[in-house]
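Visitor:
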Amino acid sequence: MMLLGRAWLWVSEKARVEELVTNSKLTQGVVNRFIAGDELEDAIAAIRALNAKGIGGILDLLGEGVSDPGGAQAAADDYLRAIKRVEETGVDTTISVKPTQLGLSFDKGQCIDHLRRIAAQATAVGMRVEVDMEQSTYVLDTLDVFRILQTDYPDMRLAVQACLRRTPVDLETFAAVTPRIRLVKGAYAEPNEVALQHNDEIDAQYRFLIDWLFEKGTDPGIATHDTKLIDHARSAAITAGCGKDGFEIQMLYGVRVKLQEELAKQGYRVRTYVPYGSAWYPYLMRRIAERPANIRFFLRALIRG
Numbered sequence: 179m180m181l182l183g184r185a186w187l188w189v190s191e192k193a194r195v196e197e198l199v200t201n202s203k204l205t206q207g208v209v210n211r212f213i214a215g216d217e218l219e220d221a222i223a224a225i226r227a228l229n230a231k232g233i234g235g236i237l238d239l240l241g242e243g244v245s246d247p248g249g250a251q252a253a254a255d256d257y258l259r260a261i262k263r264v265e266e267t268g269v270d271t272t273i274s275v276k277p278t279q280l281g282l283s284f285d286k287g288q289c290i291d292h293l294r295r296i297a298a299q300a301t302a303v304g305m306r307v308e309v310d311m312e313q314s315t316y317v318l319d320t321l322d323v324f325r326i327l328q329t330d331y332p333d334m335r336l337a338v339q340a341c342l343r344r345t346p347v348d349l350e351t352f353a354a355v356t357p358r359i360r361l362v363k364g365a366y367a368e369p370n371e372v373a374l375q376h377n378d379e380i381d382a383q384y385r386f387l388i389d390w391l392f393e394k395g396t397d398p399g400i401a402t403h404d405t406k407l408i409d410h411a412r413s414a415a416i417t418a419g420c421g422k423d424g425f426e427i428q429m430l431y432g433v434r435v436k437l438q439e440e441l442a443k444q445g446y447r448v449r450t451y452v453p454y455g456s457a458w459y460p461y462l463m464r465r466i467a468e469r470p471a472n473i474r475f476f477l478r479a480l481i482r483g
């Protein structure tokens, strides 16, 4: 992540800034651009609109860092309700789960139990679970959780971050089991010893990991808005003898909408990450930090208000 983005995240962690942003009507337009809404029905409506354009959804219940068993149980119940509602409505979507919402930070066993329940219900209705990768401090435990559940739920997909120095080694540990992987750049501010800091380095590692996934993975999700990386993925798919239906291109809600639609028209499988819920602040700050243009867009919204 570039210096400006890291500085933005540092400022966003200040309680006064969070209070200002979350309580201000001036920022609502920015929130609406990246967040489907506070309620599950808002996300379902957004996914239904995407489906009409040939684009699938990735349903994301916002929230992270749950610190008590009751909170983890409540989050798990929310996920189960979401799966039931998806079944009722028939929308085309997977569901994305953050392990720290399910108690990973204080009880890995509880996290596994909750995720197993979610995976079982999702599998029963033909729905894939996507496991998010969070800060680097949770990588080892997240990998453990995924490995434990992967045998029973082979359709489950794990996100890995191209910016982390350890990711190529982590993927090699899965080589014998052809993992399903969602490749993201990574949106968390991490120290130099943990993560690559320059875009050219991250892009180079992203391309390397794309090639690895088409050689050794199964049905990869290529999560990027970078047209050069998308083109690399398309070339890698051809080299691997993989058709347009052999991988997914994944993007974020509200980002490069026209490109998403164009890729879908070309016959590629496209999915959009659709977040919903009231705990949107950390997610929104990471999205804004990813590109200087987003920061300018956000600040203009405040000034014009």
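Per our numbering, the very first residue in the sequence shown carries number 179; after that it's consecutive. We treat Cβ as the ideally placed atom computed from N, Cα and C, and that holds for glycine. Just so it is clear, the structure is predicted and the values come from calculations on it, not from any experiment.
1) Express the C-alpha separation of G395 and V433 in angstroms, rounding to a whole number.
2) When DSSP labels each residue in this structure, what does V264 get in the three-state scheme?
3) Rounded to whole angstroms, what's the CA-CA distance from Q383 to T315? Just pull it up for me.
4) When DSSP labels each residue in this structure, what does G183 get in the three-state scheme?
5) CA-CA distance, A250 and E217?
6) DSSP on P160, reduced to helix/strand/coil?
7) On the DSSP letters alone, give me the boundaries of the beta strand (DSSP E) that V303 sits inside.
8) Would you say the region 230 to 239 touches the region 443 to 451, given that touching needs at least three Cβ pairs under 8 Å?
9) Helix, strand or coil for G399, going by three-state DSSP, please let me know.
10) Between D310, Q206, E312, K286, which lies nearest to I326 when the distance is taken from Cα to Cα?
11) Name, in chain order, the residues that DSSP records as bridge partners for R259.
12) Anyone know if the C-beta pair for V307 and M334 falls short of 8 Å?
13) Is it buried or exposed, T267, if we count other Cβ atoms within 10 angstroms and call 16 or more buried?
14) From E440, V323, A298, pick the residue whose C-alpha is nearest to that of V309; which is it?
15) Can you have a look at V303 and say buried or exposed, based on whether 16 or more other CB atoms are within 10 angstroms of its CB?
16) Suppose you measure from the CA of A442 to the CA of L240; what does that come to, to the nearest Å?
17) Is R464 helix, strand or coil by DSSP?
18) Provide the residue span of the beta strand (DSSP E) that contains Q438, from first to last.
19) Tell me, to the nearest whole angstrom, how far the beta carbon of Y243 is from that of S283; I am working on the premise that it is less than 8 Å.
20) Buried or exposed: E219, going by 16 or more other Cβ atoms within 10 Å of its Cβ?
21) Tell me the residue span of the beta strand (DSSP E) that contains Q428.
Guide: On the basis of the supplied data:
1) Cα to Cα, V433 sits roughly 27 Å from G395.
2) In this structure, V264 counts as helix in the three-state DSSP scheme.
3) Each residue's Cα considered, the two are about 20 Å apart.
4) Any reading at G183 must be qualified, since the residue scores a pLDDT of 49, below 50, and its modelled position is unreliable; no value is offered.
5) Taking the straight line joining both Cα atoms gives about 19 Å.
6) No statement about residue 160 is possible, as the shown extent of the chain runs from 179 to 483 and does not include it.
7) Careful: V303 lies outside any beta strand (DSSP E) and carries neither H nor E.
8) In this structure the region 230 to 239 touches the region 443 to 451; the number of beta carbon pairs closer than 8 Å is three or more.
9) Note: G399 maps to strand in three-state DSSP.
10) For the residues D310, Q206, E312, K286, the minimum Cα distance to I326 belongs to K286.
11) None; R259 has no bridge partner.
12) Result yes, Cβ atoms of V307 and M334 sit closer than 8 Å.
13) Exposed.
14) Ranked by Cα distance from V309, the first of E440, V323, A298 is V323.
15) The Cβ neighbour count for V303, taken over all protein chains shown within 10 Å, is under 16; the residue is labelled exposed.
16) Their Cα atoms are separated by approximately 26 Å.
17) When secondary structure is reduced to three states using DSSP, R464 falls in the helix class.
18) That residue, Q438, is in no beta strand (DSSP E); its alpha helix (DSSP H) goes 435 to 443.
19) One point to set straight first is that residue 243 is Gly, not Tyr, in the sequence displayed. Right, the Cβ-Cβ distance comes to about 7 Å (below 8 Å), so this counts as a contact.
20) E219 comes out exposed.
21) It spans 426 to 430 - the beta strand (DSSP E) in which Q428 sits, taken as one unbroken run.
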